[in-house]
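K.L.:
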Amino acid sequence: MHSLILFMVLGLSLVLVVATLVIWLSKDLLVAILASAIVSLIASIFFLVLQAPDVAITEAAIGAGLTTGILLYAMKIAGRYEDD
Amino acid sequence: MTMFYILLVFILTGLLTLFLGPIKVLRNIVALLGYLAGSALFIYNIKPGLIYSLNIRVYNIHFESGFSTVFFGIIILAVFLIFLLASFHEENDGAYYLFAFLTLTGAIGVLFAKDLISFFFLFETMSLFSFLMVLKGKNKNSPKSAFKYLVWSVFGGYAFLFGTFLKVYTTHSVMIGDISFIGGHIKLLILLLILTPFMVKAALMPFHLWAPDAYSDSKDAFTVFFSGGLSKIGIFGYFIALFKIFTEIASKYPWFLTVIAWLGGITATLAGIYAFMQDDAKKLLAYSSISQLGYVAVGFGIYTHYSVVAAFFHALGHAVYESLLFLVVAGVYYRVKTTDLRKMGGLIKKMPLSFIGLLFGIIATSGIPPTIGFPSKWLLYEAVIMKGDLLLTSLVFFASITAFLYSYKLVHSIFLGKLHKEHRDVKEAPLGYATGIILLLIPLFVLGVAPGIAVKHIDYIIRFYLKPELGYNLTTMTTPLGHVNFPVVGIVMVSMFVLSLIIYFIFGSTYKADQTDNYTATEAISDDFELHYAGEFYGFMRKAFGRPLKWSFEKLLNAFLKLFAFIGEIARGFYMGDARVYLFYLVLFFSLLAYLMGGKL
Amino acid sequence: MNAGHLFYGSSVFLMVMGVFIALTGKHLIKILLGIDLFDVGLNLLIISFGYVNGGTAPIFSRYPHVFKNVVDPVPQALVLTAIVIGVAEIAMGLAIVMRIKEKFGTCNISKLKELKW
Amino acid sequence: MIRKIVAFIFAFYFGFILYSFIYTHFPFGERPLKGVAAHYVEKGVQEEGATNIVTSIVTLYRGFDTLGEVTVLFLAATGLGLLLAGWKEEEKEKPEPTLIMETTTKYLFPLVLLFGSYIFIHGHLTPGGGFPAGVVIATGYFMMFIAQKEFKPSEYLLSATESFAGTLYVITGLLGLALAFSFLANVAPLGVPNTVFSAGIIPIIYIIIGFKVGSEMTGILQHMKEV
Amino acid sequence: MVSPILVIALSLFFAFVIPLLGMLSKKLPRWVPPISILVNLLILLSNMDKISGGAMLITTAGIKPPIAINLAIDRFGFLFALLIQTVGFLLSIYYLAQDTKDERFYMLFLLNILGASGIVMTGDLFNSFVFLEILEISSFGLVAVQKDKKSLEGAFKYMMIGAIGSSLYLLGIIVLYLSTGSLNMADIARLMPNIPDSIKLFAGLLFLIGIGVEVELFPLNAWAPDAYEGAQDSISTQLSSIISKAGIYLAARIFFTIFNGFYALEVVLYLGIITFIIAELAALMQKNVKRMLAYSSIGQMGLLLFVFALISKRADIFIFTTIILLALNHAFGKGLLFLSLGALTGGTREYYIDSLKGSGKSNVLAGLLFTMGAFTILGMPFFFGFWSKISALISIMKAGYVYLIGLVLLVSLFEIYYYGRVIVNIFSGEGKAQKTGFIYASIMVIFALFIIAFGVWPHPVFSFAHKAAVALFERTTYITSIMGGM
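First to last, the sequence lines map onto chains A, B, C, D and E. Quick note on numbering: our numbering labels position 12 of the first sequence as 12, and the sequence is numbered without any gaps. Offset between the second sequence (1-based) and our numbering: plus 1000. Offset between the third sequence (1-based) and our numbering: plus 2000. Offset between the fourth sequence (1-based) and our numbering: plus 3000. Offset between the fifth sequence (1-based) and our numbering: plus 4000.
Written out as structure tokens, the structure reads:
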């Protein structure tokens, strides 16, 4: 694997860590859901890097797109803030 | 295959009565006919020494008939007839006869079982359906009593099963056969486990707790069979366990036998004391039944030829007179709708036949010649004395005294004294009960005068296992302590009774008193005033014995139950978290297992 | 720098954080997010298993010229299935959560205490 | 707090175990292809005619899985509909979409649908296939849900599409059973690899999946929107 | 010759077709599950003679295993498939009589049965995961279908544990795939000796968790009482009679056929007995009868798993025969218990022991059937449970744990206690009269007839179970019949 790609992956994994921490710490579910969309997006980039374009497309469409959508719809009903 | 046909006849009869549904007369007739067919098959075809087997894939089931099969089979079948006669007059439905016949099937089948698994199968069948009979019982308490009975009998059954598996594991044989050659003390454990259900069935203390409630809360007709018939399976089990399974118990573990004898003695005494403190006729009889079964255990515990003969004979006698007593009480209940001794009295003139039945029943219970109760008691006393255990001897004698006490209470409270106002129109017990009473009175006297008829058979059962010491013929017996001729004893007894009656009538200053004018002293009272000395009958005895008896085994048991409940609560706490906690279990489980695998990963 | 540490590390980290969030989250949706995260991590892990050094995607666009060094296509096929199953699970869970909010009036997991006795 | 610490410890212990295991036993990128994977790579194109190996695995070699997968999605859509049915609707103020959004989405929507169709039609040639395609289509609808206030696809039609696609999928499989004695067998001619009309039944299945997934996902979104 | 794959294909077809039918008429959908399952049963029965010796191989995509997915039905799987379809058929008749408004319920139900039968028929590991997911997701839906507080909470708990559990199951599959290069069960079993022990250990652990959730193994079964209690009665029946049985099949297939009794079974041995003891203890003081039945169900499953794991101590076909008997007994007995409990409550969902007082007197049939169900679970003679219990004890003895028999029997005594308490309670006092409908009653009677018929004359069941056990026991025959000669 090219080292440039590896650096990109490293950078992205740092973002990933931050995003998961945001999911954990955020009291606002909207932020958490968006962070999880970012995680899915980064994962889909990782899939691409790992030579799995089919999975990458699917993950981008389902994980980052659709799942976020239904999560947001559900959040609308279930309440936006934790500790309510 | 006769044996299977017999069982099949009983099962089919039960099913048929179930489907006959609402027509009571037809149901009764079918039940009687089915019973007669089955018992005719039994009496004509079952001889000692028949062998049957059946193969169900992995289980080869073996059956065999022996002398004990015939002996106990006839007792149980006879008592079942009495039960049928009584139940014609009771409220019954299809399921009632189904359960009764299946109970009978189990009870008869057990007598044939040659291997322990089929023994367990049939024994459990019997327990299960008799449980259902109790559940269908007569009052509000019967479900509770049935529950108690179920738990106890299943406890016994499981102990038996555990014993069976230990036996199979150590001897590699599932047959009812000797275990005394096994090394170590495991054989004692096996014996104890196998003996447990029989101690439960025969209501030996401390396994008796279910019995008073179950006996008194099941339907009156069924109690006859329950006490008179089913407890015999317990006795049969004593025989199986002590003679067929552990043949050398007397030489290997003599103290175990002593323990059984002592338990029997304690049962006889304590149950006797409990009995005369009861205010309910059926409870009283239930305790009396337990007390009498205690004697049987004493007989087995002493383990000599004539003590075991006594035990068997006592079992036979118990079947006769306990059935008789329960039957009479059932008949009385049918007429007066109560079994509370405080609410009865003076029925002697209204129900003379029942009175006669009860009178001879209690005479037999007390072991007075020329009734069936005498030979066994006589033999048993001799056996106890011969054993030389003075304490046990006195215990057994004391138990006999209690028998007199509760017998008197029973006969007095029901039949003597003042007639209650609402019982003035009471009639004699109906045909079924009357027939039963007469049928039971015949063996009561015949076997009392000529015990040899039964003793011969009993001797066949046990002579293979014990050195014959008892000499007997039709009407006499000879033991190391002496010789007794039962007709002579009977005649002496009867003539003494007649003599004292004559003396009483000639020399006693008697006048004919109305039933209402006793106890009145000087005061004139109206007819409506209830005067019957049964409320605090033996009240002083209650004062004397009540307090020490309050501490009971039952309480200990309840404490145990509480302990289990506590543990159960803890176990249940595991399932009370929220979803995160459950997920935590999963992670914990993974981590723990991974940790345990440690270096292997 | 080792690519293995990077990919395995981030996927396992995602799984761990998923479990951790599911264990400590209070809001039901957050717990579902944790499960989702776990699934994403697992999928990433599976794809990383299938990677072959220097391999290309298993698509032979210049057939009949066949690359000898391709990554393992089977994990990719499996992960395709797993992703769809994961979203189905999340959707079902969300439906339950929405109903819970309606019935209980709250989505706080520690307040769901109907089933104890 | 203690709960969090304990959870932290165990979750990370779990991760540690997992990581140390996989790192020792399956070093990254050093595993040669073996077993079925080798077979797929070497013979896949000849056998099934699709140049995208993943596609031929998904639809044919492991087509039975995919049928199951479609079922799972169907199940989720059904279950969601069942659970959310009869929701007591409360009138809420919905924010008015802006004119820009309304107009752009109106023109973007057909393009998105076209893009989705392109993906599932070329599933056997290029990355993608039925699932992402269906989701892309659903995303198009999602966009419309957000941007157009009055937009509401016919539930009747969605459900019918979904059912019809599903039955068609099973019938395609049964066709294989009837013609080649094996469920989901590739009975159509393979054609020339790397052209659109190739790879036997793969495009057919992917088209069916595309429709099915699209309608299911749209259904899910619609259900969730309507509560 | 009707290919058994039609069992799955046609079920799917019918499930997909339900919405179309629902558009035609609102009455049509409810007839689909019974018809579909009846067809399935006929298909299965028509294949009864063809399955002998090893497994029947049914390929998909026209390619031989291990390249493509295949179904592999041996007698063991066949028996479970038959069991699942039979119970499913009875339940579908039950739903016919229920007034369910939503056609989607029938789809969920049908797919649930489909998932279970898929699990017991498939020969592919990943395929089993897919079917497991179908089973689980439909189960969440079915548990929650009541849409009240309890059912929703139960469903959520089940979902959470189920999701993580099945993900770990997937990880286990992947680990095996990475080490063997195959996903076919028979192929993996064939290659198993080549895998290093440490990988086996880890994969076994992952499978243990994944399957443990389904079969209600001790620390993973916490969802079970909640889900059972929350679900409606027929769904509880389904959970205990169908879903956990599919789990048992999977456990046998994976831990015995694939892992050949390696390591994980020893863990199951201890966990099984612990599950049994803890669940029965927990049931002892339970006031809510339905939850009590759930604990009892867990306990029975624990006993079953314990007996199953004895195979690691002693290789004996009888042990497998026993687990089949136990599974059958549990399926029919627990099914009967849950259904008759529903009849006793009269649909009020009041399961507390006090509120059931006297219900057996006013609804005699349901009371008697509840008693029968309890008796078969307790192992009373004349009921099927007797034979399964005795066989279980014999298996324990054969494996040399003779003193554990005492423990098992002691714990069974608890069972007697809590079942007896309920039976006594429903037959005492006076209850409100509630009659059950004819169809409901006849379904329960059919359950009871199974129990009694097997109990009175167990010979056919024994021989059927024995054949199935032989099929499971001879794993080399299974492998060769799928993979060809070795």
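Even glycine gets a Cβ: it sits at the ideal position worked out from N, Cα and C.
Going by beta carbon distance, what residues of the same chain come within less than 6 Å of E:Phe4384, once the five residues before and after it are set aside?
P.N.:
Contacts found: Asn4329, Thr4376, Ile4451, Phe4454, Gly4455.
K.L.:
Below 6 Å CB to CB, which residues in the same chain sit around B:Ala1434 once its five sequence neighbours on both sides are set aside?
P.N.:
Once the five neighbours on either side are set aside, the close Cβ partners of B:Ala1434 are Leu1353.
K.L.:
Name the two residues that bound the continuous beta strand (DSSP E) containing C:Tyr1990.
P.N.:
Outside the shown range of chain C, which is 2001 to 2117, sits residue 1990 of chain C, and nothing can be said about it.
K.L.:
Touch check for the segment 4405-4421 of chain E and the segment 1161-1170 of chain B: three-plus C-beta pairs under 8 Å?
P.N.:
With the cut-off at 8 Å, the segment 4405-4421 of chain E and the segment 1161-1170 of chain B touch.
K.L.:
Can you tell me whether D:Lys3152 is buried or exposed? The criterion is at least 16 other CB atoms within 10 Å of its CB, across all chains shown.
P.N.:
By the 10 Å Cβ count, D:Lys3152 comes out exposed.
K.L.:
For B:Thr1338, which of helix, strand or coil comes out of DSSP?
P.N.:
B:Thr1338: coil per DSSP, three-state reduction.
K.L.:
Measuring only between beta-carbons, confirm whether E:Ile4248 sits less than 9 Å from chain D.
P.N.:
False, the Cβ-Cβ gap to chain D never drops below 9 Å.
K.L.:
Verify the CB distance criterion: does E:Asn4425 have a CB-CB separation below 9 Å to chain B?
P.N.:
So, interface residue.
K.L.:
Using a Cβ cut-off of 8 Å, which residues of the segment 4021-4053 of chain E contact any Cβ in chain B, in chain order?
P.N.:
Result list empty, no residue passes.
K.L.:
Kindly indicate the opening and closing residues of the beta strand (DSSP E) around B:Glu1064.
P.N.:
B:Glu1064 -> beta strand (DSSP E) spans 1059-1064.
K.L.:
Of the residues B:Phe1080, B:Phe1112, B:Ala1544, B:Asn1055, which one's Cα is nearest the Cα of B:Ser1130?
P.N.:
Cα-wise, what sits closest to B:Ser1130 is B:Phe1080.
K.L.:
Taking the alpha-carbon positions, what's the D:Ala3199 to E:Met4121 distance?
P.N.:
Distance between the alpha carbons of D:Ala3199 and E:Met4121: 29 Å.
K.L.:
Return helix, strand or coil for E:Met4486, following the three-state DSSP convention.
P.N.:
Because the pLDDT of E:Met4486 is 48, which lies under 50, any placement of that residue in the model is unreliable, and the question is left without a value.
K.L.:
Along the chain, where does the beta strand (DSSP E) that runs through E:Thr4059 open and close?
P.N.:
4056-4059 is the span of the beta strand (DSSP E), which, as asked, contains E:Thr4059.
K.L.:
Kindly indicate if chain C contains any beta-carbon less than 9 Å away from that of D:His3122.
P.N.:
Taking Cβ atoms only, chain C never reaches closer than 9 Å to D:His3122, which makes this a no.
K.L.:
Is there a C-beta anywhere in chain A that falls below 9 Å from the one on D:Pro3203?
P.N.:
Output row for D:Pro3203: interface = no.
K.L.:
Name the DSSP beta bridge partners of E:Leu4071, please?
P.N.:
E:Leu4071 pairs with E:Ile4058, E:Thr4122.
K.L.:
Work out the CA separation of C:Lys2101 and E:Phe4076 for me, nearest whole Å.
P.N.:
Cα-Cα distance, rounded: 44 Å.
K.L.:
May I ask you to report which of helix, strand or coil DSSP gives B:His1172?
P.N.:
Note: B:His1172 maps to coil in three-state DSSP.
K.L.:
Would you tell me roughly how many angstroms separate the C-alpha atoms of E:Arg4349 and E:Gly4342, rounded to the nearest one?
P.N.:
The alpha-carbon atoms of E:Arg4349 and E:Gly4342 are separated by roughly 8 Å.
K.L.:
Give the C-beta separation of E:Ala4222 and B:Tyr1585 to the nearest angstrom, bearing in mind that I take them to be a contact with Cβ-Cβ under 8 Å.
P.N.:
Confirmed, about 6 Å.
K.L.:
Out of curiosity, what's the CA-to-CA distance linking B:Leu1084 and B:Phe1004?
P.N.:
Each residue's alpha carbon lies about 22 Å from the other.
K.L.:
Going along chain C in order, which residues have a C-beta closer than 9 Å to the C-beta of D:Leu3158?
P.N.:
Chain C residues near D:Leu3158: none, gap ~15 Å exceeds 9 Å.
K.L.:
B:His1483 by DSSP, collapsed to three states: which one?
P.N.:
If DSSP states are grouped into helix, strand and coil, B:His1483 belongs with the strands.
K.L.:
Return the first residue and the last residue of the alpha helix (DSSP H) that C:Gly2009 is part of.
P.N.:
It spans 2003-2024 - the alpha helix (DSSP H) in which C:Gly2009 sits, taken as one unbroken run.
K.L.:
E:Asn4127 versus chain D: which residues are under 9 Å apart at the beta carbon?
P.N.:
Those are Arg3062, Phe3064, Asp3065, Gly3068, listed as they occur along chain D.
K.L.:
Please state whether DSSP places E:Asn4047 in a helix, a strand or coil.
P.N.:
Here E:Asn4047 sits in coil by DSSP.
K.L.:
Counting only beta-carbon atoms, is C:Thr2024 nearer than 9 Å to chain D?
P.N.:
Yes, C:Thr2024 counts as interfacial toward chain D.
K.L.:
Within 10 angstroms of its Cβ, does E:Lys4389 collect 16 or more other Cβ (buried), or is it exposed?
P.N.:
The residue is buried, with at least 16 neighbouring Cβ atoms inside 10 Å.
K.L.:
Taking all protein chains shown into account, do 16 or more other C-beta atoms lie within 10 angstroms of the C-beta of D:Gly3125, making it buried, or fewer, making it exposed?
P.N.:
Note on identity: in this sequence residue 3125 of chain D is Leu, with Gly being the wrong assignment. Classification for D:Leu3125: buried.
K.L.:
Kindly indicate which three-state DSSP category B:Leu1195 falls into: helix, strand or coil?
P.N.:
Helix.
K.L.:
From B:Ser1053 to B:Gly1157, what does the alpha carbon distance come to, in whole angstroms?
P.N.:
Each residue's Cα considered, the two are about 23 Å apart.
K.L.:
Verify the contact flag: E:Leu4168, CB atom, against every heavy atom of the ligand GTP, threshold strictly below 8 Å.
P.N.:
In the structure shown, the ligand GTP is absent, as is every other ligand, since no ligand is present at all.
K.L.:
What does B:Glu1052 pair with, by DSSP beta-bridge criteria?
P.N.:
For the record, residue 1052 of chain B in the displayed sequence is Tyr; it is not Glu. B:Phe1063, per the DSSP bridge assignment.
K.L.:
For C:Pro2075 and D:Phe3008, I'd like the C-alpha separation in whole angstroms.
P.N.:
Their Cα atoms are separated by approximately 30 Å.
K.L.:
What is the C-beta distance between E:Ile4311 and D:Gly3068, in whole angstroms, given that I count them as a contact (C-beta under 8 Å)?
P.N.:
Actually they are not in contact, since the Cβ atoms of E:Ile4311 and D:Gly3068 sit about 30 Å apart, beyond 8 Å.
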